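Residue numbers (this note's numbering): 84 to 375. By construction, the Cβ of each residue, glycine as well, lies at the ideal position given by its N, Cα and C atoms. All values reported here derive from a predicted model rather than from experimental measurement.
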Ligand code: ATP
């Protein structure tokens, strides 16, 4: 039986601004998205028995149509009238409900894997068009790398790869709902918005420290008061030599950027010992998805 094995990569936001709330309730954003080398593993195979069968190593995740992987597979099965069934195994390593686009990247990777497995001939653009039906971050996750994301997240502009650096990722033991964060965001009370244009310019100039200095996430104004441990982790990362530290997406994951590997390793150790975070990873930036 043919099996496709793929990595579904996580993202962080180097900058996250909310520009306005639309009349339909969606928020318009400007975000700099960046893939990091932290991933789920997906194993997808065809089976003569129709239907979608999903298994995962995390008992609390849904394995029915509530899982984005299931939704992505079903979308293509319905559109292309695929008669075979699919067996999908998910090994989850990306923290769940953490602001790292775990579900979105699994969905994007399922689209890519199904396209290959069943020879559907969809281009990258066509995969992205299907992805947006599953979630605003899914089109970005199809390509990954460094990108400016606008609109509700679906308007993407590719940016040059960021300068080399080390990313310390820490997920405290609290869960945050994206809906809660956007629902409690008070746009008129935000004093300082991140300068996304200047940050893009720093990336173009390959200026690591300027890029880090310009990090900012307006969603911190909601998530940090609800979970002060986020600020404690940021402080620890900066005290341990991070060029800067920030919450990713709607949180609660925090990341710190380091230009020096030894310093990043020492900070990682210190963070583990502090007990402030439930999951701690030291990783790197990576470029665009090689599979599409
Ligand atoms: P984002 O960064 O896009 O806001 P997130 O990190 O906040 O994403 P996810 O990890 O994608 O959030 O999961 C949020 C919820 O979606 C989970 O509570 C889970 O029940 C549901 N979900 C559905 N499919 C998946 C999946 N494949 N992986 C993780 N969660 C999933």
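Would you call residue i buried or exposed, if buried means 16 or more other Cβ atoms sit within 10 Å of its Cβ?
| i | result |
| --- | --- |
| residue 117 | buried |
| residue 364 | buried |
| residue 96 | buried |
| residue 98 | buried |
| residue 310 | buried |
| residue 201 | buried |
| residue 333 | buried |
| residue 220 | buried |
| residue 143 | exposed |
| residue 240 | exposed |
| residue 222 | buried |
| residue 335 | buried |
| residue 386 | Only positions 84 to 375 of the chain appear in this structure, which leaves residue 386 out of reach. |
| residue 213 | buried |
| residue 274 | exposed |
Can you list, in chain order, the residues of its chain with a C-beta nearer than 7 Å to that of residue i? Leave out the 5 residues immediately preceding and following it.
| i | result |
| --- | --- |
| residue 402 | A question about residue 402 goes unanswered here, because the residues of the chain that appear run from 84 up to 375. |
| residue 361 | 254, 255, 256 |
| residue 375 | 195, 207, 210, 225, 226 |
Please identify the residue among the options whose C-alpha is closest to the C-alpha of residue i.
| i | options | result |
| --- | --- | --- |
| residue 359 | 218, 182, 313, 273 | 313 |
| residue 340 | 197, 297, 228 | 297 |
| residue 347 | 88, 329, 321 | 321 |
| residue 94 | 131, 211, 133, 226 | 226 |
| residue 276 | 242, 122, 149, 302 | 302 |
| residue 196 | 288, 292, 124 | 124 |
| residue 326 | 336, 332, 344 | 344 |
| residue 164 | 149, 134, 185 | 134 |
| residue 262 | 287, 306, 168 | 306 |
| residue 130 | 169, 157, 107 | 169 |
| residue 323 | 353, 332, 294 | 353 |
| residue 119 | 91, 335, 318 | 91 |
| residue 282 | 115, 107, 337, 109 | 115 |
| residue 249 | 126, 223, 292, 213 | 292 |
| residue 127 | 89, 222, 209, 239 | 89 |
| residue 139 | 240, 205, 177 | 177 |
| residue 243 | 162, 331, 230, 199 | 230 |
| residue 247 | 109, 342, 349 | 342 |
| residue 355 | 286, 316, 144, 156 | 316 |
| residue 264 | 87, 239, 109 | 109 |
| residue 331 | 272, 304, 158, 285 | 304 |
| residue 87 | 199, 150, 161 | 199 |
| residue 337 | 251, 270, 285 | 251 |
| residue 351 | 372, 371, 319 | 319 |
Apart from the five residues just before and just after residue i, which ones in its own chain have a Cβ nearer than 8 Å to its Cβ?
| i | result |
| --- | --- |
| residue 111 | 101, 102, 103, 104, 105, 233, 234, 235 |
| residue 154 | 148, 190, 217 |
To which residues of the same chain is residue i closer than 6 Å at the C-beta, ignoring the five residues directly before and after it?
| i | result |
| --- | --- |
| residue 258 | 180 |
| residue 279 | 98, 100, 113 |
| residue 218 | 187 |
| residue 329 | 298, 300 |
| residue 369 | 118, 120 |
| residue 132 | 168 |
| residue 267 | 305 |
| residue 122 | 90, 91, 92 |
With a threshold of 7 Å, establish whether the CB of residue i neighbours any heavy atom of the ligand NAD.
| i | result |
| --- | --- |
| residue 217 | The ligand NAD is not among the ligands present in this structure, which contains only the ligand ATP. |
**Asked** What beta strand (DSSP E) runs, 3 residues minimum, are completely inside the stretch 171-195?
**Response** none
**Request:** Give, in chain order, every unbroken run of the alpha helix (DSSP H) that is at least 4 residues long and sits entirely within the stretch 279-352.
**Result:** 279-287, 291-296, 303-309, 312-322
**Prompt:** What runs of the beta strand (DSSP E), each 3 residues or longer, lie entirely inside the stretch 112-170?
**Reply:** Within the stretch 112-170, the beta strand (DSSP E) runs of at least 3 residues that lie entirely inside it are, in chain order, 135-139.
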